[in-house]
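Engineer: Got a structure for you, written out below as structure tokens; questions coming shortly.
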Amino acid sequence: MSDKPDHALIAQVGEKSLAEAADLLSRGKLVGVPTETVYGLAADATNGEAVAGIFEAKGRPSFNPLICHVTDYEMANRLGEFNDIAKRLAEAFWPGPLTLVLNKRADCPVHELATAGLATLAVRMPTGPMGELSARLKKPIAAPSANLSGQISATSALAVLEDLGEKVSLILDHGAPSVGVESTIVGFRGDDTVLLRPGGLSPEDIEKVTDRPLLNNIDDKVINAPGMLTSHYAPDMPVRLNVDRVLPGEALLAFGDVALNGAETAVKSINLSPTGNLIEAAQKLFAAMRNLNASGANGLAVVPIPNVGLGIAINDRLSRAAAPKDAGHG
Ligand code: TXA
Ligand code: MG
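The sequence shown runs 1 to 330 under the numbering used here.
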């Protein structure tokens, strides 16, 4: 893959491409926009037709709500109600890989389709051009990850093109995201904070700011989180986790310095971080999964990855990639 893909739909981030992207968004079109986590499929969040276009392009079930991206705290505060803890989290981590699920304000301008009719709204302030586009538009931007629903997220402009092609009017290219896995989603129940999706910001970092344990919705279902269906991020082939050997015909997703039975027979193998660095592994995860998915292997073998820090988000994505597909996807 070249660093600067040559395709009419792809433009490097710059003044000209930002102006064009803002103009397209203002006319209800879809634009692929990079963030520090993954590439997003962006539309004006207040335009129902544009938002419907997102669901259509991704093949996403319309009961699965979208994250609204904002340019600053003031814009976020016009959409949803911040309690003290939410405010503290926004101050500490925005812009960054954190999404907050807030009670929607009565006069929130976001179209109902984007929030799937819920009384809550997911909002985040990312780094990169998304905030700049929201500022130019003076509106929140609805954007799910820019992949086909249920499949592997996109961490390059080419991956967006591969999945969505002509369904987008433009794809802004800003190279590989620095984080590489989606934002951490936090919800609230009274004074409790609840982890709705592990992501680029670790639970430990969140607890340092909130001074209270982050409850885990995945085990305890404290809050209604419609999008956390089991099968997601899924390659076309079966995925085996925590392997200690590679079976004939499999591709290998490795991590750290491990010697594995049968590794030399793998159809293709990628090591997410030979030195065992979880930050590097998160950055490379989705590109590696797309690459191995295209290798012609009959299955994907994944070595164990430590379940700490960013490893929690990595293991979340991998276990969904391994889940049976009839469990539904989002
Ligand atoms: O890093 C990210 O968060 C990326 C970039 C593009 O910002 N976006 C992303 O969006 O991952 P998406 O649509 O792939 O995942 C958003 C998740 C879904 O699981 C959805 O169900 C959940 O957020 N969500 C949205 N609104 C919600 C709400 N009001 N309550 C609970 N969950 C919500
Ligand atoms: Mg997604």
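Beta carbons: idealized from backbone N, C-alpha and C, even for Gly.
#1: Would you check whether the ligand TXA has a heavy atom nearer than 8 Å to the C-beta of H69?
#2: Tell me whether A327 sits in a helix, a strand or coil according to DSSP, three-state version.
#3: Return the chain-ordered ranges of every alpha helix (DSSP H) run that is complete within the segment 51–138 and spans a minimum of 4 residues.
#4: Measuring straight from C-alpha to C-alpha, what distance separates A11 and L25?
#5: Assuming A313 and V181 are in contact, meaning their beta carbons sit under 8 Å apart, how far apart are those beta carbons, in whole angstroms?
#6: For the segment 148–211, list the alpha helix (DSSP H) runs that are entirely contained and at least 4 residues long, ordered along the chain.
#7: Taking its Cβ as the centre, do 16 or more other Cβ atoms sit within 10 Å of P109, making it buried, or is it exposed?
#8: For A294 and D236, what's the separation of their Cα atoms in angstroms?
#9: For A288 versus L272, is the C-beta spacing smaller than 9 Å?
#10: To which residues does DSSP link E250 through a beta bridge?
#11: Any residues whose CB sits closer than 6 Å to a heavy atom of the ligand MG? List them in chain order?
#12: Can you pull the DSSP bridge partners for V31?
#13: Determine the burial state of N261: buried for a count of at least 16 other Cβ atoms within 10 Å of its Cβ, exposed for fewer.
#14: At a cut-off of 8 Å, would you count N64 as near the ligand TXA, judging by its Cβ distance to the nearest heavy atom?
#15: For N315, does the count of other Cβ atoms within 10 angstroms reach 16, so buried, or fall short, so exposed?
#16: Alpha carbon to alpha carbon, how far is V194 from N216? Give it in angstroms, no decimals.
#17: Would you mind working out which of L172, Y73 and V308 sits nearest L9, comparing C-alpha positions?
#18: Could you please give the first and the last residue of the uninterrupted alpha helix (DSSP H) stretch that includes A21?
#19: So which of A266, V308 and D23 has the shortest CA-CA distance to A135?
#20: Any idea which residues DSSP pairs S145 with across the strands?
#21: Among G296, G276 and T99, which one has its Cα closest to the Cα of A251?
#22: Using DSSP with H/G/I as helix, E/B as strand and the rest coil, what is I10?
#23: Hey, would you say A282 sits closer than 9 Å to V179, going by beta carbons?
#24: The beta strand (DSSP E) with L215 in it runs from where to where?
Structural biologist: On the basis of the data shown:
#1: As a working note, residue 69 is residue 69 in the sequence shown. Answer for H69: yes, Cβ within range of the ligand TXA.
#2: As a working note, residue 327 is residue 327 in the sequence shown. Residue confidence for A327 is low, a pLDDT of 45 falling below 50, so the modelled location carries little weight; the figure read from the coordinates is stated next. Three-state result, A327: helix.
#3: DSSP runs (the alpha helix (DSSP H)) wholly in the segment 51–138: 73–79, 84–93, 112–115 and 129–137.
#4: For the purposes of this step, residue 11 is taken as residue 11 along the sequence shown, with counting starting at 1. For the purposes of this step, residue 25 is taken as residue 25 along the sequence shown, with counting starting at 1. Across the structure, A11 and L25 are spaced so that their CA atoms are roughly 15 Å apart.
#5: Position 313 of the sequence shown, counted from the first residue, corresponds to residue 313. Position 181 of the sequence shown, counted from the first residue, corresponds to residue 181. Indeed, because the Cβ distance is near 5 Å, the residues count as touching under 8 Å.
#6: Here the runs fully enclosed are 157–164 and 203–210.
#7: Here residue 109 corresponds to residue number 109 of the sequence shown, with the count starting at 1. By the neighbour-count rule (16 or more Cβ atoms within 10 Å), P109 is not buried but exposed.
#8: Within the sequence shown, residue 294 is the residue found at index 294, counting from 1. Within the sequence shown, residue 236 is the residue found at index 236, counting from 1. If I take the Cα positions, the gap works out to 9 Å.
#9: The residue given as residue 288 occupies position 288 in the sequence shown. The residue given as residue 272 occupies position 272 in the sequence shown. By the CB criterion at 9 Å, A288 and L272 fall inside the cutoff.
#10: Taking the sequence shown and counting its residues from 1, one reaches residue 250 at position 250. Under DSSP, the beta-bridge partners assigned to E250 are G299.
#11: My final list is P144, S145 and S153.
#12: Residue mapping note: residue 31 aligns to position 31 of the sequence shown, counting from 1. Paired residues: A42 and L170.
#13: Taking the sequence shown and counting its residues from 1, the one referred to as residue 261 is at position 261. Counting every other CB atom within 10 Å of its CB across the protein chains shown gives N261 a total below 16, marking it as exposed.
#14: Here residue 64 refers to the residue found at position 64 when the sequence shown is read from its first residue. In this structure, N64 has its beta carbon less than 8 Å from a heavy atom of the ligand TXA.
#15: The residue you call residue 315 lines up with position 315 of the sequence shown. Answer is buried; the Cβ neighbour count reaches 16.
#16: In the sequence shown, counting from the first residue as 1, residue 216 sits at position 216. In the sequence shown, counting from the first residue as 1, residue 194 sits at position 194. Cα to Cα, N216 sits roughly 6 Å from V194.
#17: One-based indexing of the sequence shown puts residue 9 at position 9. Across the set L172, Y73 and V308, the C-alpha of L172 shows the shortest separation from the C-alpha of L9.
#18: Residue numbering aside, residue 21 sits at position 21 when the sequence shown is read from its first letter. Bounds of the alpha helix (DSSP H) holding A21 are E15 to S26.
#19: Residue mapping note: residue 135 aligns to position 135 of the sequence shown, counting from 1. When each option's Cα is compared against that of A135, the closest is D23.
#20: Along the sequence shown, one-based indexing puts residue 145 at 145. S145 pairs with G40.
#21: Translated into the one-based positions of the sequence shown, residue 251 becomes position 251. Comparing Cα positions, the closest option is G296.
#22: Position 10 of the sequence shown holds residue 10. Reduced to three states, the DSSP call for I10 is strand.
#23: Numbered from its first residue, the sequence shown carries residue 282 at position 282. Numbered from its first residue, the sequence shown carries residue 179 at position 179. A distance below 9 Å separates the beta carbons of A282 and V179.
#24: What you label residue 215 is simply residue 215 of the sequence shown in a count that begins at 1. Under the DSSP assignment, L215 falls in the beta strand (DSSP E) whose first and last residues are L214 to N216.
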